[in-house]
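In what follows, a single structure is set out as structure tokens and then discussed.
Chains as they are written, first to last, in this note's numbering: chain Z, 1 to 183; chain P, 1 to 834.
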């Protein structure tokens, strides 16, 4: 029987806690760590927001949206081939934070032929959106934060993040952070 | 409130250190604090004094890879290793590379990927390494060493050791090997023989590390040869070279990121055929001289006349030193050094060679501030000739001693060597034309003359040229006679002495993690390292800093200096009773006097103030002091750049041009270059940013292994099509004829995963040089008779054929994205202060 989303999150939280046993931070409502210390999971504190419509997305073009707080920019991309964590019929729709994880500069160049975001204008890191936002080349030590997406009919809905966003200890908290409301 | 990444609280224990890896040595802050007492996002609630979130380029953000858990005095504590956001030198504002940005992940933890650190001494018993007490291991190494030295002589006792891993350690090691045992059987991690890596430059009188990073920013034109600084010394590129706006002339067979960036920003990429650099530099020098574009005043006033060269006491300089006129005559007499001749040899179009000459010299216009910077692609090929040719180029341009003007190495490692005694050239069995040269320790070993080799902090049997041949020979030497069957000192000593006396060899390996050399070791000694002891070291601009201890070493691991001291004492030598690392530093630093790393005054300052020398350095944190240091009325004086008085390291104080023996280059290329009729191509090797050097701890980093689950072989898409290869194919790279350490012809090979890219041109492939299980240097010649002037391997000039084995297993999800993309628009957005 498929899990409901809430059950999935609770299960995910338990798995994360089990994997993260003995490590680091106290088990949190928001994040857990896996065995390597990576921040691994998310829970229901994130807003659920419609960030695009499948029927309006064009392969090879990127669109942008703020999530989960005001001023936190992301890109939404249909890569045009099945990619890691891609959703939709083609498993090709992904969303990532467009803030470079190296030192926080804005990533504005999406190259459709290579499915890369970057190079960052500051220190030139390039991220591979077809490989979970890994820094393919450059100085960043962390993948781009991936936006968790699902399709509700034609609506592309963001419901969480995997991995932190540059500059934030917690994308939902901090001095001056205003989290967006669910839609 | 829960943080996603732990924030150090205001009362976290704070220390400073520098990055362990590349020659920049960026400054880092380290915080440790008890589990469960994290700080908060408001400035008042964290040790950084910053409100979180921080904005772009602000520094002070902790990524998940900057955090771990360590033990301090036995207690588990959170640990964050953060690029110093308040740094004012090297990495101002907290700049960092992918290497340093994940330093926390190198630290030992018993429950993480680093849990396989060597934590106890080990003795090989019946083929298996078993834990033994320190006393047993140290007594055994000391007894066997004493036996070898007494019975077989000091030349039979050899040490192969990192050249760079902190002043305290290199001093203690050399006190044992060079000052006490007095053996010439001593070589650094990267070469078969001790000695100068850049002899041509040294013979010109130029110090290889005279530059300072600020000169890169002040330069108007920088020639970058045989190095991709963005990938291997990243912050030098991001915060100094690209930030200063200089036009770059990049000499590299590969169209690297740095090369692509140069062309997109008003510079040039001279895509030279491997092995032909000396022709290219010499052709540029000839073009500059023939047009009178050189720095006339500098050449006239600061390069040597024939009369001065004739009185030069050093034989190599006396033989190869040239005046301007002599050099020009030589260059003119070689038809391969005309623009068209050089274009034919190097593959660089003649108009580009001319363009480079004009850009570097300014032509008839104002002379730009030009620097000539280079690294291993230059000197790990045709070692003497390339470094001589590049020295000539630096001298005609007057690229030295002044703001924005330097001729220098950019560095491979940091500068952590201090010797307790000079190298005993008089005892070396090797010579050239009657002049002693440093001993080729690998040839000596393969010939069966080394009875005990002590390998310290290097993957010797993974990295050496002719890799598998050397491993086979070592297996033979350590397999001589009966094995040790009981973990007992007397028994082990007896068995190993029998082996030594029967012509075999004992291998001692001192390391942090097991590697290819450990498999052959009789005794393994676990070393404490970065973060686990207070250490001192200089970087590529001679900046001396303290690398503070902030955590416990794992298990019974002890710092290298302590291990050398224990063995030295047990061998009966005096002067090995240091109580701590500070005591070693206090004895070692005066030995730097007169060198580029001269920081001897720190000891005087410490004594005058009743403090420890490490404390004096701790006071200046990530800033340190830029050597050579002096004292002016009790104040420490520093030296931003060398040769500022335009005096050089020759007898006369004048620099000189150096003869470039291009016939030697031609002859060597005939031995090393790929034979197209056999389907061979160049197999170059080098570093990959996210993997750094020998993967000693990177193989334990989740991010590095996710990015590089297997070694790569860069293949041009045209070659890939020609050979029927796709991205992700596993290939065998094979060289049917490799010269081994004694000049015999063997075969070599390794496997790697095809990474199609225009970084390499057709006919050239590139691989990471030391991926576990992928011995790139197995296709590289190990016969030093190819370069008798200076016994170095041509690591960068491998060759081989490429054969598809099938799809590579276990690399699902590996990115094959381009690694040389430059911003397609104006790059003015990059920060000048960061």
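Note that beta-carbon positions come from the ideal geometry of N, C-alpha and C, so glycine has one too.
Computed from a predicted structure; not experimentally measured.
Helix, strand or coil for residue 298/P per DSSP? Position 298 of the second chain, counted from the start, is the residue given in the question as residue 298/P. Helix.
Under 8 Å: do the stretch 444-451 of chain P and the stretch 794-801 of chain P share three or more Cβ pairs, one atom per stretch? With a cut-off of 8 Å, the stretch 794-801 of chain P and the stretch 444-451 of chain P do not count as touching, because too few Cβ pairs lie within range.
Determine, for residue 5/P, whether the minimum Cβ-Cβ distance to residues of chain Z falls below 8 Å. The residue given as residue 5/P occupies position 5 in the second chain. Yes, because at least one Cβ of chain Z sits closer than 8 Å to the Cβ of residue 5/P.
Could you compute how far the alpha carbon of residue 560/P sits from the alpha carbon of residue 528/P? As a working mapping, residue 560/P is identified with position 560 in the second chain. As a working mapping, residue 528/P is identified with position 528 in the second chain. Rounded to the nearest angstrom, the two C-alpha atoms are 7 Å apart.
According to DSSP, residues forming a beta bridge with residue 510/P: In the second chain, the residue the question calls residue 510/P occupies position 510. Looking at the DSSP assignment, residue 510/P forms a beta bridge with 456/P and 525/P.
Let me know the beta strand (DSSP E) ranges lying completely inside the stretch 96-144 of chain P, each 3 residues or longer, listed in chain order. With a minimum length of 3 residues, the continuous beta strand (DSSP E) runs that stay inside the stretch 96-144 of chain P are 122-125 and 128-131.
Check whether the stretch 778-796 of chain P and the stretch 705-719 of chain P touch, using three or more Cβ-Cβ pairs below 8 Å as the test. Taking 8 Å as the limit for Cβ pairs, the verdict is that the stretch 705-719 of chain P does not touch the stretch 778-796 of chain P.
State buried or exposed for residue 115/P, treating a residue as buried only when at least 16 other CB atoms are found within 10 Å of its CB. Here residue 115/P corresponds to residue number 115 of the second chain, with the count starting at 1. Exposed, by the Cβ-count rule.
Near-chain P residues of the stretch 150-169 of chain Z (beta-carbon distance less than 7 Å), N- to C-terminal order: Taken in chain order, the members of the stretch 150-169 of chain Z whose beta-carbon sits within less than 7 Å of a beta-carbon on chain P are 164, 166, 167, 168 and 169.
List, in chain order, every chain P residue whose beta-carbon is nearer than 8 Å to that of residue 128/Z. Here the question's residue 128/Z lines up with position 128 in the first chain. The contacting residues are 815 and 817.
Starting from residue 631/P, trace the beta strand (DSSP E) in both directions and tell me its first and last residue. In the second chain, residue 631/P corresponds to position 631, counting from 1. Start and end: 630-632.
Verify the CB distance criterion: does residue 84/Z have a CB-CB separation below 8 Å to chain P? For the purposes of this step, residue 84/Z is identified with residue 84 of the first chain, where counting begins at 1. Chain P contact via Cβ: present.
Kindly indicate which three-state DSSP category residue 148/Z falls into: helix, strand or coil? As a first step, residue 148/Z must be located in the first chain, where it is residue number 148. Correct three-state label for residue 148/Z: strand.
Minimum Cβ-Cβ distance from residue 181/Z to chain P less than 8 Å: The residue given as residue 181/Z occupies position 181 in the first chain. No, residue 181/Z lies away from the interface with chain P (no Cβ there is under 8 Å from its Cβ).
Partners in chain Z for residue 97/P, counting only beta-carbon separations shorter than 8 Å: Within the second chain, the letter at position 97 stands for residue 97/P. Simply 139.
If you reduce the DSSP assignment to three classes, tell me which class residue 66/P lands in. Along the second chain, one-based indexing puts residue 66/P at 66. Annotated three-state conformation of residue 66/P is helix, per DSSP.
Using the Cα positions of residue 415/P and residue 627/P, report the straight-line distance between them to the nearest angstrom. Taking the first residue of the second chain as position 1, residue 415/P is located at position 415. Taking the first residue of the second chain as position 1, residue 627/P is located at position 627. Each residue's CA atom was taken as its position, placing residue 415/P and residue 627/P some 12 Å apart.
Using the three-state DSSP reduction, which class does residue 273/P fall into: helix, strand or coil? Locating residue 273/P in the second chain gives position 273, counting from the first residue. Note: residue 273/P maps to coil in three-state DSSP.
Below-8 Å beta-carbon distance, residue 823/P vs any chain Z residue: Here residue 823/P is taken as the residue at index 823 of the second chain, counted from 1. Flagged as an interface residue toward chain Z: residue 823/P, by a C-beta distance shorter than 8 Å.
Contacts that residue 104/Z makes with chain P (C-beta to C-beta distance below 8 Å): Reading the first chain from its first residue, position 104 is the one you call residue 104/Z. Using a Cβ-Cβ cut-off of 8 Å, residue 104/Z is close to 54, 55, 56, 57, 58 and 61 of chain P, given in chain order.
Evaluate contact between the stretch 90-103 of chain Z and the stretch 206-215 of chain P, counting only Cβ atoms and requiring at least three cross-stretch pairs below 8 Å. These segments do not touch.
DSSP three-state assignment for residue 620/P, whether helix, strand or coil: To locate residue 620/P, count along the second chain from 1; it is residue 620. If DSSP states are grouped into helix, strand and coil, residue 620/P belongs with coil.
Any beta-carbon of chain P closer than 8 Å to the one on residue 119/Z? Looking up residue 119/Z in the first chain gives position 119. Interface residue, yes.
Between residue 635/P and residue 728/P, what straight-line distance do the alpha-carbon atoms span, to the nearest angstrom? Your numbering for residue 635/P matches position 635 in the second chain. Your numbering for residue 728/P matches position 728 in the second chain. For residue 635/P and residue 728/P, the distance between alpha carbons rounds to 59 Å.
C-alpha distance - residue 33/P paired with residue 283/P, whole-angstrom precision: Here residue 33/P refers to the residue found at position 33 when the second chain is read from its first residue. Here residue 283/P refers to the residue found at position 283 when the second chain is read from its first residue. Their backbone Cα atoms lie some 59 Å apart in a straight line.
Under 8 Å between C-beta atoms of residue 337/P and residue 323/P: Within the second chain, numbered from 1, the residue matching residue 337/P stands at position 337. Within the second chain, numbered from 1, the residue matching residue 323/P stands at position 323. It is not a contact, given that the beta carbons lie outside the stated cut-off.
Could you give the distance in angstroms between the alpha-carbon of residue 152/Z and the alpha-carbon of residue 67/Z? Residue mapping note: residue 152/Z aligns to position 152 of the first chain, counting from 1. Residue mapping note: residue 67/Z aligns to position 67 of the first chain, counting from 1. Spanning the alpha carbons of residue 152/Z and residue 67/Z requires a straight line of approximately 18 Å.
Start and end of the alpha helix (DSSP H) containing residue 717/P? Here residue 717/P refers to the residue found at position 717 when the second chain is read from its first residue. That run of the alpha helix (DSSP H) goes 717-723.
6 Å Cβ shell around residue 234/P - same chain, five flanking residues per side excluded: Numbered from 1 along the second chain, position 234 holds the residue referred to as residue 234/P. The beta carbon of residue 234/P is closer than 6 Å to those of 97 in its chain, skipping five residues each way along the sequence.
Taking only beta carbons into account, state which residues of the stretch 701-713 of chain P come closer than 7 Å to chain Z, listed in chain order. Result list: 702, 703, 706 and 707.
Bridge partner(s) assigned by DSSP for residue 128/Z: What you label residue 128/Z is simply residue 128 of the first chain in a count that begins at 1. BP columns for residue 128/Z point to 116/Z and 134/Z.
Which residue comes first and which comes last in the beta strand (DSSP E) that contains residue 708/P? For this step, residue 708/P is matched to residue 708 along the second chain. Segment: none, residue 708/P is in no beta strand (DSSP E) and carries neither H nor E.
Determine which residues share a DSSP beta bridge with residue 862/P and list them. Within the shown structure, residues of chain P are numbered from 1 to 834, placing residue 862/P beyond reach of any answer.
Compile a chain-ordered list of the residues in the stretch 213-241 of chain P whose CB is closer than 9 Å to at least one CB of chain Z. From the stretch 213-241 of chain P, only 230, 231, 234, 235, 237, 238 and 239 have a Cβ closer than 9 Å to chain Z.
Nearest-angstrom Cβ-Cβ length linking residue 420/P and residue 591/P, presumed shorter than 8 Å: Sequence index remark: in the second chain, residue 420/P carries index 420 (1-based). Sequence index remark: in the second chain, residue 591/P carries index 591 (1-based). Contact between residue 420/P and residue 591/P holds, with the beta-carbon distance rounding to 6 Å and staying under 8 Å.
Pull up the CB-CB distance for residue 277/P and residue 245/P, whole angstroms please, since I reckon it's below 8 Å. Walking along the second chain from the start, residue 277/P turns up at place 277. Walking along the second chain from the start, residue 245/P turns up at place 245. That pair is no contact at about 26 Å.
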